């Protein structure tokens, strides 16, 4: 049966010899002295297989070597299929065509060709996957799963830079944003290193979140921070925003709840030669809940100018931490917040703005302000977009609410003889450090 055939193939591996075959193609008999001319003129029509770069062979009917055989693509069976502009060249040199047999083995077949031959005709061949260092991560669909180990083995054998092939078994469900993975082929080692926009990142692909498709967005965000920015990265992961920002010389406070992410966050700061101690320190790493992290910075008089919240599944709901959170002595401009979210609606994504306004507790009719910018980051699926919502924290909900003193006429109507004085009721606002005074 088909199933038993696949069980045998998975246990014994791929039969490479089954891919060895004789391929008969059309060959042009051309003068040896003009091989280069014909190769250039017929570019795109010449026989080519991976690792079989030879397309000109000795002519067995020309012992003296006056003519050679130039092999054409497998789908070309007659000269009329060649470009018409080549006709004068063919006529000038009296070119004739003959059949020629070439031995093609497994090593000459492309990855797609191998999988098309191995998989049943109704199974879609995987055409794309995420690469992270030496690791290839697939997201196979249900019909492909019975053939997952063969697919993994072919990818491993046909991609020299790949040493490990894994498959994502379900969507991200944990608060650490880690996808469950299963090994399909290769080494079990998930420790790897990637380089993005000139910055090195070390990580364990099974312990932390990483998305290689976000490189452009990471650069876009970091490059828009002003030179005097103090960045608060609430869900920093291993540092794709925080580390490049710190390399620019910005002061960065980066946090992640995942202890593994926190470990790699500190490591990546070190390997990128970022100052993490001493009087010139500009990078601070934290391992806390996102809301607790923001409250901690405010309690420690840290004045930040830009906030990054890259947790698309839930970041908008975390905006409530900024509701009446800043001390009235805040010494810088109100922070600009960059909050990532998913939307199944088409642009301009009004649902995201509404969710942000609700989380911030803005009164009805009071929006985020005129400087709201929504950036389409990428299409996650055909009907799901990842979007960045950027806005300045609205002043009307930014600051700590100060208790109101009772009016004199109210005291006359009630027993206010023992009402505490303003000194007793007013809380002394926390001292907020100016940016230049931060450690």
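Numbering (our numbering), first residue to last: 5 to 443.
Glycine included, every Cβ here is placed at the ideal spot set by N, Cα and C.
The model shown is predicted, which means the values in this text are computed figures rather than measured ones.
| Query | Result |
| --- | --- |
| Identified DSSP bridge partners for residue 190 | 168 |
| DSSP bridge partner residues for residue 341 (one or two, in chain order) | 311 and 395 |
| Rounded distance between the beta-carbons of residue 249 and residue 235, thought under 8 Å | 5 Å |
| C-alpha gap between residue 293 and residue 350, whole angstroms | 32 Å |
| For residue 252 and residue 87, the rounded distance between their alpha carbons | 54 Å |
| Under the three-state DSSP convention, the category residue 158 falls into | helix |
| Sufficient close CB pairs (3 or more, under 8 Å) joining the stretch 305–315 to the stretch 323–342 | yes |
| C-alpha distance - residue 315 paired with residue 211, whole-angstrom precision | 16 Å |
| Between the CA atoms of residue 376 and residue 468 - distance to the nearest angstrom | Outside the shown range of the chain, which is 5 to 443, sits residue 468, and nothing can be said about it. |
| Host alpha helix (DSSP H) of residue 302 (start-end) | 294–303 |
| Distance between beta carbons of residue 83 and residue 73, contact taken as under 8 Å | Wrong, their Cβ atoms sit about 14 Å apart, outside the cutoff. |
| Beta-bridge pairing of residue 61 - partner residues as DSSP gives them | 73 |
| Inter-residue Cα distance where the pair is residue 26 and residue 98 | 28 Å |
| Whether residue 190 touches residue 172 by CB criterion (8 Å) | no |
| Inside the stretch 206–245 only - beta strand (DSSP E) runs reaching at least 3 residues | 234–237 |
| 6 Å Cβ shell around residue 90 - same chain, five flanking residues per side excluded | 45 |
| Same chain only: Cβ atoms within 6 Å of residue 137, ignoring 5 sequence neighbours per side | 196, 197 and 198 |
| Same chain, Cβ closer than 7 Å to residue 201, neighbours up to 5 away in sequence not counted | 219, 222, 223 and 248 |
| Complete runs of the beta strand (DSSP E) confined to the stretch 102–137 [at least 3 residues] | 134–136 |
| Beta-bridge pairing of residue 363 - partner residues as DSSP gives them | According to DSSP, residue 363 bridges with nothing at all. |
| CB of residue 372 within 8 Å of CB of residue 391, strictly | no |
| For residue 288, the three-state DSSP class (helix, strand or coil) | strand |
| Limits of the unbroken alpha helix (DSSP H) element including residue 265 | 263–275 |
| CA-to-CA distance, residue 345 to residue 185, given in whole angstroms | 24 Å |
| Bridge partner(s) assigned by DSSP for residue 199 | 204 |
| Residues that DSSP places opposite residue 380 in a beta bridge | 391 |
| For residue 328, the three-state DSSP class (helix, strand or coil) | coil |
| Distance between residue 60 and residue 114 (C-alpha atoms, nearest Å) | 21 Å |
| Nearest-angstrom Cα separation, counted from residue 18 out to residue 182 | 32 Å |
| Supposed contact pair residue 139 and residue 209 - C-beta distance, whole angstroms, cut 8 Å | 5 Å |
| Outcome for residue 255 when other beta-carbon atoms lying within 10 angstroms are tallied against a minimum of 16 | buried |
| Residue 297 beta carbon less than 8 Å from that of residue 259 | yes |
| Secondary structure of residue 37, DSSP reduced to three states | helix |
| Inter-residue CB distance, residue 116 and residue 129 (contact presumed, cutoff 8 Å) | 6 Å |
| DSSP beta-bridge partners of residue 28 | 105 |
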